[in-house]
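For the sequence shown, UniProt numbering gives the first residue as 1, with consecutive numbering after it.
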Amino acid sequence: MTDPRTTFANGFVAHSTLRGTVTAQRYTDGMLMCVTTPVAPIHRSATTPDLDRQVQYGRTVRVLDKQGERCFARDEASGHVGYIPHAALGPVARSTHVVATRQTLLFRAPDIKSPEPMPLGLGAQLTITAHDGKFAVTDHGFYAVASHLRHRDMPSTDFVAVAESLLGVPYLWGGNSAFGIDCSGLVSMALENSAMSCPADSDQQAEALGADVTDGTYQRGDLLFWRGHVAILVDPQTLIHANAHHMAVAYEPLDQAIKRIATQGDGQPIAHKRP
Numbered sequence: 001m002t003d004p005r006t007t008f009a010n011g012f013v014a015h016s017t018l019r020g021t022v023t024a025q026r027y028t029d030g031m032l033m034c035v036t037t038p039v040a041p042i043h044r045s046a047t048t049p050d051l052d053r054q055v056q057y058g059r060t061v062r063v064l065d066k067q068g069e070r071c072f073a074r075d076e077a078s079g080h081v082g083y084i085p086h087a088a089l090g091p092v093a094r095s096t097h098v099v100a101t102r103q104t105l106l107f108r109a110p111d112i113k114s115p116e117p118m119p120l121g122l123g124a125q126l127t128i129t130a131h132d133g134k135f136a137v138t139d140h141g142f143y144a145v146a147s148h149l150r151h152r153d154m155p156s157t158d159f160v161a162v163a164e165s166l167l168g169v170p171y172l173w174g175g176n177s178a179f180g181i182d183c184s185g186l187v188s189m190a191l192e193n194s195a196m197s198c199p200a201d202s203d204q205q206a207e208a209l210g211a212d213v214t215d216g217t218y219q220r221g222d223l224l225f226w227r228g229h230v231a232i233l234v235d236p237q238t239l240i241h242a243n244a245h246h247m248a249v250a251y252e253p254l255d256q257a258i259k260r261i262a263t264q265g266d267g268q269p270i271a272h273k274r275p
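This is the structure:
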């Protein structure tokens, strides 16, 4: 049985690589585009308002079809499939830099007093074409604070530190940004900003990430999974996770988290991985 989150087909159209595998009226390679809003939602259907996941500014998506105001598309980094507002997409460009701070602002002029700056979060991608004093100039003529960026070829070497930089970010089901994030979104952001590929949802992450730890030991960087939840170990006694109990990214003692989650009816951990 195919997983609709990663199967690039919707009955009407399918990616050309799926010809002979899934049934569709049309097969196509689609077209690459990129996100032009701070954060764009990925919806499960062409009409429903539900939030499945998010993609940040500058992220590359592949569009197969436009249905009303939404495009049937796939996030190229995570492979997640869904419907993205057409108004949030523009021509594709190869990014050169990534936002390296928790949040920053994108200005319309090389002046911190310029009105209506665009907020961007950690991991947003930019194409820098020039520099103007302390600003880096984007291909769209915006001005980013150069010290808030890193070159895309210089990722973090500590994905746990990336997760810790998001401490206190509000919990948002389906969120993937420094403005709102969920448990699997936190893992995705931490790993992707450390040049590690990562699927979108926690069950997929449990299948894809790292080796099983079976000796009962815990160390920094381990991933602990429950049904529908994932957390990152910052040390053998403490985890960090985006969760609906704190409604934020928070630290929690490991033993207390295991007890609390079991007490609320969500059982014991089902997987322990070491990326």
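Ideal placement from N, C-alpha and C gives every residue a C-beta, glycine not left out.
Query: In chain order, what residues of the same chain lie with their CB nearer than 7 angstroms to the CB of G174, ignoring the 5 residues before and after it?; Result: L51, D52, R53, Q54, D182
Query: Going straight from the alpha carbon of T7 to that of A46, what length do you get?; Result: 16 angstroms
Query: Since Q125 contacts R227 with CB under 8 angstroms, what's their CB separation in whole angstroms?; Result: Their Cβ separation, rounded to whole angstroms, is 33 angstroms, which puts Q125 and R227 out of contact at 8 angstroms.
Query: What did DSSP end up calling D65 once you bin it into helix, strand or coil?; Result: strand
Query: Curious, which full-length beta strand (DSSP E) runs of at least 3 residues does the segment 41-107 contain?; Result: 53-56, 60-67, 70-75, 81-85, 89-91, 97-99, 103-107
Query: Hey, could you find the ends of the alpha helix (DSSP H) D203 is sitting in?; Result: 202-208
Query: May I ask you to report which of helix, strand or coil DSSP gives H148?; Result: helix
Query: Measuring only the C-alpha atoms, how far is Q103 from P119?; Result: 7 angstroms
Query: Is the beta carbon of C34 less than 9 angstroms from the beta carbon of G121?; Result: no
Query: Which residue marks the beginning of the alpha helix (DSSP H) containing V187, and which one marks its end?; Result: 183-192
Query: Do H140 and L64 have their CB atoms nearer than 9 angstroms?; Result: no
Query: Determine contact between the segment 36-43 and the segment 75-87, defined as no fewer than three beta-carbon pairs at a distance below 8 angstroms.; Result: yes
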